[in-house]
Amino acid sequence: MAVLVSRAPRGRTPARRRAAVRRTAGRSLTHLLLLGGGLVWLFPFLWTLGSSFKSSDGFFAKGLNPLPDGAHASNYTSAWKEASFGSYFVNTAVVAAGAVILTLLATSMAGYVLARTDFPGRKACIGLISVTLFLPHGYTIIPIFDIVQKLHLLNTLWSVIIVQSASGLVFATFLFMGYFSTMERDIEDAARVDGAGFHQIFWRVMLPLSGPMIATVGLFTFISAWNSFFIPLVFTLSKPELRTLPVGMYAFLGQNSTDWTFLCAGSVISLVPIVVIFLLLQRYFVNGLAGAVKG
Amino acid sequence: MQLLDTTTPRPPADGRGAAPPASPRKAGLWRRLRAARWSYLYLVPLMALLLTFVVYPIFGSLAYTFYRWNGIGSPEDFVGLGNFRQIAHDSIFWRAVGHTFVYAIVVVPVQLVLALVLALVLNNKKLRFSAFYRTLFFLPVVTSPAVVGVVIQLLVSNFGDTFNNWLLDAHLIGQPVDWLGSPKTALGIIILVGVWQTLGYNLVYFLAGLQTIPEEVYEAAKIDGAGRFRTFTHITVPLLRSVGLMIVILAFIGSFQIFDLVQVLTGGGPYFGTEVVNTYIYHLAFGGNQAQATEPDVGLASAASFFYGLLLISFSVLQVLIFRSIAKRRAAGRA
Numbered sequence: 001m002a003v004l005v006s007r008a009p010r011g012r013t014p015a016r017r018r019a020a021v022r023r024t025a026g027r028s029l030t031h032l033l034l035l036g037g038g039l040v041w042l043f044p045f046l047w048t049l050g051s052s053f054k055s056s057d058g059f060f061a062k063g064l065n066p067l068p069d070g071a072h073a074s075n076y077t078s079a080w081k082e083a084s085f086g087s088y089f090v091n092t093a094v095v096a097a098g099a100v101i102l103t104l105l106a107t108s109m110a111g112y113v114l115a116r117t118d119f120p121g122r123k124a125c126i127g128l129i130s131v132t133l134f135l136p137h138g139y140t141i142i143p144i145f146d147i148v149q150k151l152h153l154l155n156t157l158w159s160v161i162i163v164q165s166a167s168g169l170v171f172a173t174f175l176f177m178g179y180f181s182t183m184e185r186d187i188e189d190a191a192r193v194d195g196a197g198f199h200q201i202f203w204r205v206m207l208p209l210s211g212p213m214i215a216t217v218g219l220f221t222f223i224s225a226w227n228s229f230f231i232p233l234v235f236t237l238s239k240p241e242l243r244t245l246p247v248g249m250y251a252f253l254g255q256n257s258t259d260w261t262f263l264c265a266g267s268v269i270s271l272v273p274i275v276v277i278f279l280l281l282q283r284y285f286v287n288g289l290a291g292a293v294k295g
Numbered sequence: 001m002q003l004l005d006t007t008t009p010r011p012p013a014d015g016r017g018a019a020p021p022a023s024p025r026k027a028g029l030w031r032r033l034r035a036a037r038w039s040y041l042y043l044v045p046l047m048a049l050l051l052t053f054v055v056y057p058i059f060g061s062l063a064y065t066f067y068r069w070n071g072i073g074s075p076e077d078f079v080g081l082g083n084f085r086q087i088a089h090d091s092i093f094w095r096a097v098g099h100t101f102v103y104a105i106v107v108v109p110v111q112l113v114l115a116l117v118l119a120l121v122l123n124n125k126k127l128r129f130s131a132f133y134r135t136l137f138f139l140p141v142v143t144s145p146a147v148v149g150v151v152i153q154l155l156v157s158n159f160g161d162t163f164n165n166w167l168l169d170a171h172l173i174g175q176p177v178d179w180l181g182s183p184k185t186a187l188g189i190i191i192l193v194g195v196w197q198t199l200g201y202n203l204v205y206f207l208a209g210l211q212t213i214p215e216e217v218y219e220a221a222k223i224d225g226a227g228r229f230r231t232f233t234h235i236t237v238p239l240l241r242s243v244g245l246m247i248v249i250l251a252f253i254g255s256f257q258i259f260d261l262v263q264v265l266t267g268g269g270p271y272f273g274t275e276v277v278n279t280y281i282y283h284l285a286f287g288g289n290q291a292q293a294t295e296p297d298v299g300l301a302s303a304a305s306f307f308y309g310l311l312l313i314s315f316s317v318l319q320v321l322i323f324r325s326i327a328k329r330r331a332a333g334r335a
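So the sequences go chain by chain: A and B.
Residues in the first sequence are numbered from 1 upward in steps of one, following full-length UniProt numbering.
Residues in the second sequence are numbered from 1 upward in steps of one, following full-length UniProt numbering.
Pasting the structure below:
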C-alpha cells in the first residue's frame, strides 16, 4: 500500500486507483493460493514433525492432527541411541560426503575438458555419455555386485560411495559441460597470457568461477546419496553396523511394525541435514542450473 | 606438474586466437594426441567410473540373459533366447509395462503443467517470498522414498482418525477404504505421491529455463503492447522450447524408471495390481513377491531388463523425432 501512496501524487485519477486496487487484490490472491498449495505440499512434513513428539496413544488418538499431545522428546533419544540411528547417521554422512567429493572431482574435470578443449575422440566421449543417459541402469546391480566383490570392497562404505557416485555421473557431467561452455574465452586467454598452464587455468581460474555449478551438482549428489535406499541396502546386507538411515529405517519398520512415533522421529532425523543444506545452497541452485541450460 | 605444464602448447581450441605454426589438421595424430594429453588425464576419473560401473554392467547383464541362473555361483544352464521368449509371453510383465505407462502418462503431463504454472508465477521478480515458496515445493524432492513410504502408509492407513474419517464425515465415501489394499486406489495413491514428490525438480528446471530468457525481450514485447497471454505464447513458449524438450524427456525417463515409491508403498501388490517394470525385475532377481517365482532368476530378470531397455530407447527416439518434426513444421509455417 505504501507503494500506492507514494506513486499517487501525479494524476490521482479514479481509473488509476482502481488499477492499483486490482493489482493489490491480484497479488494477495496469488500469495493466498501459493500459501494454500504450499500447506498441502508441506502437510506430510508437519504431520511427521508433530507426530515425532506424540506418545504412542496420542499417535492413534490424534490421527491427522499434527499437534502433539505433549513433548515426547524421548522418541528422539531412543531412536538415536537404542535403535542406533546415531551410527546410521554417521554412516550416511560419510557416504554422502564421499559421493559428493568423488562426483565433483570426476565431473568437473571431465566437463571442463569436454567443453573447452578439443582432442581426438572428444565427440565419441560425448556420444558415449549421452547414450548412457538413456540406457536403463536399474538392474545392472548384479554385475556391479560382481565387480565390487572382485575389488574386495564388499561390505565397506567405499563400495556404497563409489557405486552411488557412478549413478549420477552422466547428468552432473552434462551440467558442468553446459556451465563451462558458456564462460567467456577471454578469461582463459588472459590467464594464459599471464603464464598459467593447463592445470593452473583449471584449478585456479575455471573451477573457482564455477561456484554455482559446484553447489548445484554437490546438492544433487548429496540429496541422492543421503536418500539412496537400494545401493546401500545391497552392499551392506551382511553388516548391519554399516547401514545408512533409509536402510536402517526400513529394517526397523520390518522388525517393529508398531512403533510409529519412533519412525516419525527417525524420519525427522534423516530430514534435518538435507533441509539445512538445501536452505544454505538453494540460492545458487537455480542460477547454477540456468547457467548450464543456457549453453 | 604445474611448472612443466607452462610449456604445453595450448590444445587446439575453437579456431579463435593465434593459429599454431602448423594447422592442427595437418599436424600428425601423434602430435595432436600429445598436445591433448592433459585433457585425457582429466577424463580418466569419469571414464574409469563410467566404464566400470555403468557401461560394462549393462553389457555384463546382457550375458546373463542367455542363462537360467539363480545368482549363486556362475551361470551354466544355457537357454539361448528362452528367457526373452518367456518374458514376452508373461502376462504379468505386460501388466507391469501397462502400469508403468499409466503412471508416466498421468504423472508427466499433470506435473509439467503444474510446474510450469508455478514457475511462471514464482519467476516474477516483483513477487515477494519467491525463494520461500520455491523451498516449500522443493521439500518433497529432498525426502527419502523410505521416509515418504512410511509417512504415506501412516497417512492413508485404516486405523485412527485419518483421511478415511474425514472423507466419511464429508459423506464422500460410504465406508472406510483400504487405499493401498486394492489395486485401483493403490495405483492412484502412487500417482498422487509421484506428482507430489517430483514436482519440485521440474519447477526448478523450468525456473532455470525461464531465467535464460533475457529481460529485454519481455520489455520489448511490453512496448509493442503485447498482453500477458500473447507474451507467453509468442515469447516464453518458443524461447523455452529446447529446455522444455529436455525437461519432458527427463521426466519421462524418470517416470519409466519408477521403483522406490512402489516398492515402499505396496511392493507391487496387491496381486501385482501396482507392479511396475522395475519392481517386476527386482522380484525376479531377488525373489520376494507373494505368488511369483520363489526361486530368484537373474537370467530372466536380466532379459526383462534388457527388453524393457529396448522399449525405452525406442520410446526416447520416437519422442525426439516427434518434437523435431513439430519444430520443423512450425519453422516452415512461419517462413
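Glycine residues also receive a C-beta, built at the ideal position from the N, C-alpha and C atoms.
Any beta-carbon of chain A closer than 8 angstroms to the one on residue i?
i	result
residue 34 (chain B)	no
residue 43 (chain B)	yes
residue 270 (chain B)	no
residue 38 (chain B)	yes
residue 165 (chain B)	yes
residue 211 (chain B)	yes
residue 137 (chain B)	yes
residue 276 (chain B)	no
residue 186 (chain B)	no
Got a sec, what are the start and stop residues for the alpha helix (DSSP H) residue i sits in?
i	result
residue 80 (chain A)	74 to 80
residue 213 (chain A)	211 to 227
residue 188 (chain B)	183 to 211
residue 242 (chain B)	237 to 256
residue 179 (chain A)	157 to 181
residue 104 (chain A)	85 to 116
residue 70 (chain B)	Neither: residue 70 (chain B) is in no alpha helix (DSSP H) and is coded neither H nor E.
residue 128 (chain B)	It is not in any alpha helix (DSSP H) - residue 128 (chain B) carries neither H nor E in the DSSP assignment.
residue 105 (chain B)	91 to 122
residue 18 (chain A)	14 to 51
residue 283 (chain B)	277 to 286
residue 215 (chain B)	215 to 223
residue 30 (chain B)	29 to 35
residue 233 (chain A)	230 to 235
residue 188 (chain A)	185 to 193
Between the options, which lies nearest to residue i when the distance is taken from Cα to Cα?
i	options	result
residue 252 (chain B)	B:230, B:263, B:315 and B:223	B:315
residue 130 (chain B)	A:245, A:276, A:27 and A:266	A:27
residue 119 (chain B)	B:286, B:325, B:236 and B:280	B:236
residue 120 (chain A)	B:37, B:326 and B:246	B:37
residue 73 (chain A)	A:51, A:251 and A:104	A:51
residue 112 (chain A)	A:99, A:284, A:96 and A:179	A:179
residue 54 (chain B)	A:145, A:88, A:49 and A:84	A:145
residue 185 (chain B)	B:304, B:103, B:245 and B:256	B:103
residue 155 (chain A)	A:243, A:276, A:16 and A:281	A:243
Only counting the same chain, and skipping five residues up and downstream in sequence, which positions put a Cβ closer than 7 angstroms to that of residue i?
i	result
residue 110 (chain B)	195
residue 237 (chain A)	none
residue 62 (chain A)	54 and 69
residue 307 (chain B)	84 and 87
residue 207 (chain A)	108
Would you say residue i lies against chain B (beta-carbon separation less than 8 angstroms)?
i	result
residue 38 (chain A)	yes
residue 63 (chain A)	yes
residue 120 (chain A)	yes
residue 77 (chain A)	no
residue 34 (chain A)	yes
residue 15 (chain A)	no
residue 262 (chain A)	no
residue 74 (chain A)	no
I'd like the list of long-range same chain contacts for residue i, defined as Cβ closer than 6 angstroms, with 5 residues on each side in sequence excluded.
i	result
residue 209 (chain B)	240 and 243
residue 96 (chain A)	222, 225 and 226
residue 66 (chain A)	46, 47 and 50
residue 75 (chain A)	52, 261, 262 and 265
#### Entry: chain B contacts from the stretch 237 to 256 of chain A (Cβ-Cβ distance under 7 angstroms)
246, 249, 250 and 253
### Task
Could you list the residues in the stretch 279 to 294 of chain A with a C-beta less than 9 angstroms from some C-beta on chain B, going in chain order?
Taking 9 angstroms as the cut-off between beta carbons, the residues of the stretch 279 to 294 of chain A near chain B are 279, 282, 283, 285, 286, 287, 288, 289, 290, 291, 292, 293 and 294, in sequence order.
#### Entry: Residues, ordered as in the chain, of the stretch 211 to 227 of chain A that lie near chain B by beta-carbon distance below 8 angstroms
223, 226 and 227
### Task
Give, in chain order, every residue of the stretch 56 to 67 of chain B whose Cβ lies closer than 9 angstroms to some Cβ of chain A.
56, 57, 58, 59, 60, 61, 63 and 64
#### Entry: Interface positions of the stretch 163 to 175 of chain A facing chain B (Cβ-Cβ less than 7 angstroms), listed along the chain
163, 165, 166, 169 and 173
### Message
Against chain B, which members of the stretch 85 to 113 of chain A pass a CB distance test of less than 7 angstroms?
### Response
Residues 105, 106, 107, 109, 110, 112 and 113.
### Residues of the stretch 71 to 105 of chain B whose Cβ lies closer than 9 angstroms to any Cβ of chain A, in chain order
Contacts with chain A (Cβ-Cβ distance below 9 angstroms) from the stretch 71 to 105 of chain B involve 71, listed in chain order.
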